[in-house]
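Read the structure below first, then the notes.
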């Protein structure tokens, strides 16, 4: 908790170094995700990564430091996975639908994601807070943009961004981590319909349901 | 994790016994909420409760056991705090508004709530899962009821319940735990407007925002 946020001093300068660092982070994802922070030793990570123990210390000073790096690493992987999937969508609500579908898929493919983020609250609290702040800010900007373009109505984008983020996280808990049979596309359809129209009864002249 | 869900064998039969057990749970809330599971000793709890160490063992077998009891205890306190506030409301959306307002207030008054529930994921995982399952089920039943009565439109109440629960939890994180200046009534208004109407643009003949 008393270290620099990214320990950028140790960020590798070569492509090979970046690959090794990624390999260590990938192994850390598997290990911490499966067994939790306290049960994992640096040894477990290097063994899984197929990297010598001494090499670990070229990139990270300690178990805590790789965990602190892992949180923003996972965070940015989620974001770029979603960004790729919504690159060509025509409007915000389609982006929400495709984005949620992608998010549910990502959660299923990365079984450790939730555990890593949740345990960060206790192991690397500032990284936990930063993770949600970064997501909320991106959401707020996207909503404000869509509001400006008339794709959604105007509103309190800050409140909305936390509400929508909460929906996504809990649906990921329910249908990504939990019930893996549910079709992500169907879930995303239901949620974006809720997000777009609300649960209130439509006006009589607007039978949209 | 290998114990009975409520260790009902030790539930006190007298009013005095119930008061002592409550006192211990209240002290446990303060201690675990402020410092986390691992940093707290049984001693800290009994000292804060003003109860002899031996008395602790009349009610709980271990630190783990009082933590396991604390999660459903907090869970039911949140629910009854909200239930009291929405007892006389005329419809579901008013219940959502008053309920969210009450929830934000509860989070502000119980600074340890989030930490206790979140840490339960690691310390008493089945209690963590149960907490959200119980909430989701109550939500689903309420939504289905409201749908039957025509207070809201019909939909996939299971998906909706997790989405709405997620909203509440994240707004509690943002405006209950975090920004304590924001007016709970205003936040609840914004959220229930979102919940009722969505973020989509209203039909032209229905300028509701």
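Chains as they are written, first to last, in the UniProt record's numbering: chain A, 1 to 209; chain B, 1 to 209.
Just so it is clear, CB atoms sit at the ideal spot from N, CA and C, and this is done for glycine as well.
All values derive from a computational prediction rather than experimental measurement.
| Asked | Found |
| --- | --- |
| Partner residues on chain B for residue 123 of chain A, Cβ-Cβ distance less than 8 Å | Per Cβ cutoff of 8 Å: no residues; residue 123 of chain A is ~10 Å from chain B at best. |
| Rounded straight-line distance, which links the Cα of residue 156 of chain A to that of residue 20 of chain A | 43 Å |
| Contact set between residue 197 of chain A and chain B, taken where Cβ atoms lie within less than 7 Å | 198 and 200 |
| Runs of beta strand (DSSP E) lying entirely within the UniProt domain "HTH tetR-type" (18-78) of chain B, each at least 3 residues, in chain order | none |
| Any chain A beta carbon closer than 7 Å to residue 156 of chain B | yes |
| Residues, ordered as in the chain, of the stretch 100-124 of chain B that lie near chain A by beta-carbon distance below 9 Å | 114, 115, 118, 119, 121 and 122 |
| Residue 168 of chain A beta carbon less than 7 Å from that of residue 106 of chain A | no |
| Selection from B:151, B:154, B:192 and B:74 that minimises the alpha carbon distance to residue 115 of chain B | B:74 |
| Residue 179 of chain A versus residue 191 of chain A - alpha carbon distance | 16 Å |
| Under 9 Å from the C-beta of residue 135 of chain A: neighbouring residues of chain B | Result: empty, since nearest Cβ-Cβ is about 10 Å, beyond 9 Å. |
| Assigned secondary structure, residue 131 of chain B (DSSP; H/G/I helix, E/B strand, else coil) | helix |
| Alpha-carbon spacing of residue 182 of chain B relative to residue 174 of chain B, whole angstroms | 10 Å |
| Stretch-stretch touch, CB-based, cutoff 8 Å, three pairs: the stretch 135-152 of chain B with the stretch 132-151 of chain A | no |
| Other residues of its chain near residue 63 of chain B: CB distance less than 6 Å, five sequence neighbours each side excluded | 42 |
| Within 7 Å, strictly: CB atoms of residue 68 of chain B and residue 34 of chain B | no |
| Coarse secondary structure for residue 197 of chain B, derived from DSSP in three states | helix |
| Coarse secondary structure for residue 83 of chain A, derived from DSSP in three states | helix |
| Top-ranked residue by Cα proximity to residue 117 of chain B, from B:28, B:16 and B:15 | B:28 |
| Per-residue burial, residue 92 of chain A [other beta carbons within 10 Å of its own, 16 or more giving buried] | buried |
| Interface positions of the stretch 180-193 of chain A facing chain B (Cβ-Cβ less than 7 Å), listed along the chain | 187, 190 and 191 |
| Residue 154 of chain A in three-state terms, based on DSSP | coil |
| Helix, strand or coil at residue 221 of chain A according to DSSP, with G and I counted as helix | With chain A represented from 1 up to 209, any question about residue 221 of chain A goes unanswered, as that position is not in the structure. |
| Outcome for residue 53 of chain B when other beta-carbon atoms lying within 10 angstroms are tallied against a minimum of 16 | exposed |
| Contact list for residue 33 of chain A against chain B, beta-carbon separation under 8 Å | Per Cβ cutoff of 8 Å: no residues; residue 33 of chain A is ~13 Å from chain B at best. |
| Cβ contact check for the stretch 146-154 of chain A and the stretch 77-86 of chain A: 3 or more pairs under 8 Å | no |
| Straight-line Cα distance separating residue 120 of chain A from residue 55 of chain B | 35 Å |
| Contact set between the UniProt domain "HTH tetR-type" (18-78) of chain A and chain B, restricted to residues whose Cβ is under 8 Å from the partner | 36 |
| Below-7 Å beta-carbon distance, residue 159 of chain B vs any chain A residue | yes |
| Cβ of residue 169 of chain B within 7 Å of any chain D Cβ | The displayed structure is made up of protein chains A and B, and chain D is not among them. |
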